[in-house]
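In what follows, a structure is listed as structure tokens, so that the remarks can point back to it.
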Amino acid sequence: MNHLDRSDPDLLKKLLKRIRVYAGPPLTIMEVCGTHTVSIARMGLSTLLPEGVSLLSGPGCPVCVTPIEFFDEAIYLAREKNVVIATYGDAMRVPGSGATLLEVKAEGGQVHPVYSTTDALNLAIKNKDREVVFLGLGFETTAPTVAHALLTAKKQRIDNFSVLSAHKVLLPAMEALLLDPEVKVNAFLCPGHASMVLGWRCYEELASKYGVPSVVAGFEPHEILLGINMLLAQAKSGGVHVENAYPKAVSEYGNTAALDILGGVFKKVDSNWRGLGLIPGSGYDLADDFAKYDAREKFLKGVEIISAEPAGCRCADVLRGVIPPAKCPLFASRCNPKAPVGACMVSSEGACGAHYRYREA
Amino acid sequence: MCVAVPGKIISIDEELMATVDFGGSSRDVSISLLEDAAVGEYVIVHAGFALHKVDTKEAEQTIALMAGILDEPPRPE
Ligand code: SF4
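Chains A and B supply the protein sequences, listed in that same order. Counting in my numbering, the first sequence runs from 1 upward without gaps. Counting in my numbering, the second sequence runs from 1001 upward without gaps.
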């Protein structure tokens, strides 16, 4: 069976052919993962699907779902509190209400791109006389790495380190989409890496409660095509299950060590999402035991920050799959990767950014 | 943000920091979020942390899934 190795040049064709002969009930599949968005856009997959089958990008890009007030808080900290901001590079280019962190850096503010929370902690260790604030954003994939950094900071008494958390809980957002009358989704291509932590069984309740077939898929073209094939097979047979098309990376119950520290360091709170609004229990804030390392407790008590989304940006609709990026009037005109108006254009994983890059293909 | 390709652990220090090789380029990666990991094993890394250990049995399951899908003859077009 080794001829079905991914290096088989015919494999993609075979998998695609099976998708194209699908004749079953109409299916609108949403992917909830920035890396899927990029891979699907690069393949030009949306144009190859048979009638009745469509693909939508959901709220899977971490910087995209993070609401604008978070970036305004970070900019305030850099400007007014003179802290060192440590963050993933993407977040530096997301427009806040008046500026980006990159612009704050150009003004002389201390904003450091880091690759991991380990780098951010090292920054704090090396700059004992400065306060280092790490911008915690993303889903269950990044949140455990932040939890680990906070445990290390506590153990080693690195008291000049804190976290501004905008971490998100994946499942309540998927449920919110299913409850949204404007969103027409009846199957999920579940994210590869968040599932690596959460385990594939986590989708079972959602799948059975709302009758949505769900398949966890990897990121390479053959892995995505496999996932879609499995969803179509379910739809054709009328089945509703959770299946794992990515056994290489995703187990039944996920990474329990990561889930344990996630639960120990964070507490679930109601949280605001770009596009989806306030969703109960959908955010991770630092647990009370870690208040000392919570940048909001430390620097933002009593501070009121007023935020406004950029005029004309349709990120809110793009993130819910209500419109494709090209339907935004600013797409590829006033809004492009060099001058992004909204967060969805900033990240290469954002639906607008990915569609812009591969739109000729 | 996601690096989908597994990397191979080359060395591990006492702080659970590992050097991981991704087809020729190596990176420092924390393995503190894995129950156990050893030199020579393959891991999937996200934001500087190894989050999953890949074993050959799991990799073979993908091949079996593909075979399952493809062995069914496609309906005529
Ligand atoms: S194209 Fe730009 S302005 Fe329009 S929704 Fe996307 S990010 Fe917002």
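No residue lacks a Cβ here, since even glycine has one placed at the ideal position from N, Cα and C.
Who are lysine 267/A's beta bridge partners in DSSP? Taking the first residue of the first sequence as position 1, residue 267/A is located at position 267. DSSP output for lysine 267/A lists Asp285/A as bridge partner(s).
In angstroms, rounded to a whole number, what distance separates the CA positions of arginine 130/A and aspartate 90/A? Counted from its first residue, the first sequence places residue 130/A at position 130. Counted from its first residue, the first sequence places residue 90/A at position 90. Across the structure, arginine 130/A and aspartate 90/A are spaced so that their CA atoms are roughly 23 Å apart.
Any heavy atom of the ligand SF4 closer than 8 Å to the beta-carbon of glycine 342/A? Taking the first sequence and counting its residues from 1, the one referred to as residue 342/A is at position 342. Checking the 8 Å criterion, the Cβ of glycine 342/A is within range of a heavy atom belonging to the ligand SF4.
Less than 8 Å between C-beta atoms, sequence neighbours within five positions excluded: which residues of the same chain meet that for tyrosine 424/A? Lying before the first or after the last residue shown, residue 424/A is absent from chain A, which here runs from 1 to 361.
Could you have a look at arginine 357/A and say whether DSSP puts it in helix, strand or coil? Taking the first residue of the first sequence as 1, we reach residue 357/A at position 357. Reduced to three states, the DSSP call for arginine 357/A is helix.
Glycine 60/A, DSSP secondary structure in three states: Walking along the first sequence from the start, residue 60/A turns up at place 60. If DSSP states are grouped into helix, strand and coil, glycine 60/A belongs with coil.
Let me confirm a value: tyrosine 246/A is counted as buried when at least 16 other C-beta atoms fall within 10 Å, else exposed. Which label applies? By 1-based counting over the first sequence, the position of residue 246/A is 246. Under a 10 Å Cβ-count criterion, tyrosine 246/A is classified as buried, with 16 or more other Cβ atoms of the shown protein chains found around its own Cβ.
Among Asn82/A, Leu11/A and Glu31/A, which residue has its Cα nearest to the Cα of asparagine 160/A? Taking the first sequence and counting its residues from 1, one reaches residue 160/A at position 160. Measuring from the Cα of asparagine 160/A, the nearest candidate turns out to be Asn82/A.
What's the C-alpha gap between glycine 24/A and leucine 55/A? Reading the first sequence from its first residue, position 24 is the one you call residue 24/A. Reading the first sequence from its first residue, position 55 is the one you call residue 55/A. Approximately 16 Å between the Cα atoms of the pair.
Residue burial classification, glycine 143/A (beta-carbon count within 10 angstroms, cutoff 16): The residue given as residue 143/A occupies position 143 in the first sequence. For clarity, residue 143/A is alanine in the given sequence; the question names glycine instead. Classification of alanine 143/A: buried, given that the 10 Å Cβ count is 16 or more.
Only counting runs of 4 or more residues, tell me where the alpha helix (DSSP H) segments fall wholly within the region 143 to 185 of chain A, in order along the chain. For the region 143 to 185 of chain A, the continuous alpha helix (DSSP H) assignments of 4+ residues that do not extend past its boundaries occur at 143 to 155 and 170 to 179, in sequence order.
Euclidean distance between Cα positions of methionine 43/A and lysine 268/A: Taking the first residue of the first sequence as 1, we reach residue 43/A at position 43. Taking the first residue of the first sequence as 1, we reach residue 268/A at position 268. Roughly 37 Å separates the two Cα atoms.
Output the boundary residues of the alpha helix (DSSP H) element that contains histidine 36/A. Taking the first sequence and counting its residues from 1, the one referred to as residue 36/A is at position 36. From DSSP, the alpha helix (DSSP H) with histidine 36/A extends over 34 to 43.
Rounded separation between asparagine 272/A and glutamate 80/A - CA only: Numbered from its first residue, the first sequence carries residue 272/A at position 272. Numbered from its first residue, the first sequence carries residue 80/A at position 80. Distance between the alpha carbons of asparagine 272/A and glutamate 80/A is about 24 Å.
6 Å Cβ shell around glycine 281/A - same chain, five flanking residues per side excluded: For the purposes of this step, residue 281/A is taken as residue 281 along the first sequence, with counting starting at 1. Non-local C-beta neighbours of glycine 281/A in its own chain, meaning closer than 6 Å and more than five positions away in sequence, comprise Pro172 and Lys268, ordered along the chain.
Using a Cβ-Cβ distance under 9 Å, would leucine 150/A count as near chain B? Counting from 1 along the first sequence, the entry for residue 150/A is found at position 150. So no, leucine 150/A is outside the interface.
Shorter than 9 Å from the beta carbon of serine 1030/B to some beta carbon of chain A? On the second sequence, residue 1030/B is found 30 positions in, with the first residue counted as 1. Taking Cβ atoms only, chain A reaches closer than 9 Å to serine 1030/B, which makes this a yes.
With respect to the alpha helix (DSSP H) encompassing phenylalanine 1049/B, which residues constitute its N-terminal and C-terminal limits? For the purposes of this step, residue 1049/B is taken as the residue at position 49 of the second sequence. Note, phenylalanine 1049/B: premise wrong, no alpha helix (DSSP H); beta strand (DSSP E) at 1049 to 1054.
For aspartate 1028/B, I'd like the list of residues in its chain whose CB is within less than 7 Å of its CB, leaving aside the five on either flank, ordered along the chain. Taking the second sequence and counting its residues from 1, one reaches residue 1028/B at position 28. So the list reads Met1017 and Thr1019, once near-sequence residues are dropped.
Any Cβ of chain B within less than 9 Å of the Cβ of valine 197/A? On the first sequence, position 197 is the one that residue 197/A refers to. True, the Cβ-Cβ gap to chain B drops below 9 Å.
Measuring only the C-alpha atoms, how far is serine 307/A from arginine 274/A? On the first sequence, position 307 is the one that residue 307/A refers to. On the first sequence, position 274 is the one that residue 274/A refers to. Across the structure, serine 307/A and arginine 274/A are spaced so that their CA atoms are roughly 12 Å apart.
Mind listing the chain A neighbours of glycine 1048/B? Cutoff is C-beta to C-beta under 9 Å, in chain order. For the purposes of this step, residue 1048/B is taken as residue 48 along the second sequence, with counting starting at 1. The contacting residues are Val114, Tyr115, Ser116, Thr117, Thr118, Asp119 and Thr145.
Closest to valine 146/A by CA distance: which of Lys155/A, Leu262/A and Val63/A is it? Locating residue 146/A in the first sequence gives position 146, counting from the first residue. Ranking the options by Cα distance to valine 146/A, first place goes to Leu262/A.
Note down, in chain order, every chain B residue with its Cβ under 8 Å from the Cβ of leucine 226/A. Working through the first sequence from its first residue, we reach residue 226/A at position 226. The answer, in chain order, is Thr1062, Leu1065, Met1066 and Ile1069.
So, under 8 Å CB-CB, isoleucine 68/A and leucine 77/A are touching, yes? Tell me the CB distance rounded to an integer number of Å. As a position in the first sequence, residue 68/A is number 68, starting the count at 1. As a position in the first sequence, residue 77/A is number 77, starting the count at 1. Here isoleucine 68/A is actually not in contact with leucine 77/A; their C-beta atoms are around 15 Å apart, not less than 8 Å.
Counted within 10 angstroms of its Cβ, other Cβ atoms place valine 21/A as buried (16 or more) or exposed: By one-based count along the first sequence, residue 21/A stands at place 21. By the neighbour-count definition (other C-beta atoms within 10 Å, threshold 16), valine 21/A is an exposed residue.
I want to see whether chain B comes within less than 9 Å of glutamate 223/A, judged by CB atoms only; does it? Numbered from 1 along the first sequence, position 223 holds the residue referred to as residue 223/A. Chain B contact via Cβ: present.
At a threshold of 8 Å, does arginine 357/A count as lining the ligand SF4 (C-beta to nearest heavy atom)? Counted from its first residue, the first sequence places residue 357/A at position 357. Arginine 357/A Cβ: outside cutoff for every heavy atom of the ligand SF4.
Local conformation of phenylalanine 139/A per DSSP, three classes: As a first step, residue 139/A is located in the first sequence; it is residue number 139 there, counting from the start. Three-state DSSP puts phenylalanine 139/A in coil, outside helix and strand.
Going by CA-CA distance only, name the one from Gly136/A, Glu252/A and Leu12/A that's closest to leucine 1070/B. For this step, residue 1070/B is matched to residue 70 along the second sequence. Across the set Gly136/A, Glu252/A and Leu12/A, the C-alpha of Leu12/A shows the shortest separation from the C-alpha of leucine 1070/B.
For cysteine 313/A, the three-state DSSP class (helix, strand or coil): Here residue 313/A refers to the residue found at position 313 when the first sequence is read from its first residue. If DSSP states are grouped into helix, strand and coil, cysteine 313/A belongs with coil.
Considering only heavy atoms of the ligand SF4, does any lie closer than 8 Å to the CB of tyrosine 345/A? Within the first sequence, the letter at position 345 stands for residue 345/A. Rather than tyrosine, the amino acid found at residue 345/A in this sequence is methionine. Taken from the Cβ of methionine 345/A, at least one heavy atom of the ligand SF4 lies inside 8 Å.
When the Cβ atoms of the region 92 to 103 of chain A are set against those of the region 1026 to 1042 of chain B, are three or more pairs found closer than 8 Å? Between the region 92 to 103 of chain A and the region 1026 to 1042 of chain B there are fewer than three inter-stretch CB-CB distances shorter than 8 Å, so the stretches are not counted as touching.
Taking 6 Å as the limit between beta carbons, can you name the residues of its chain near alanine 361/A, skipping five residues before and five after? In the first sequence, the residue the question calls residue 361/A occupies position 361. Its pLDDT being 47, under 50, alanine 361/A is placed unreliably in this model, and the value from its coordinates should be taken loosely. Within the same chain, and ignoring the five residues on either side of alanine 361/A in sequence, the residues whose Cβ sits closer than 6 Å to its Cβ are Gly44.
Any Cβ of chain B within less than 9 Å of the Cβ of alanine 361/A? As a first step, residue 361/A must be located in the first sequence, where it is residue number 361. Note that alanine 361/A scores a pLDDT of 47, beneath 50, so its modelled location is shaky; the value from the coordinates is reported in the next line. It does not; no Cβ of chain B falls within 9 Å.
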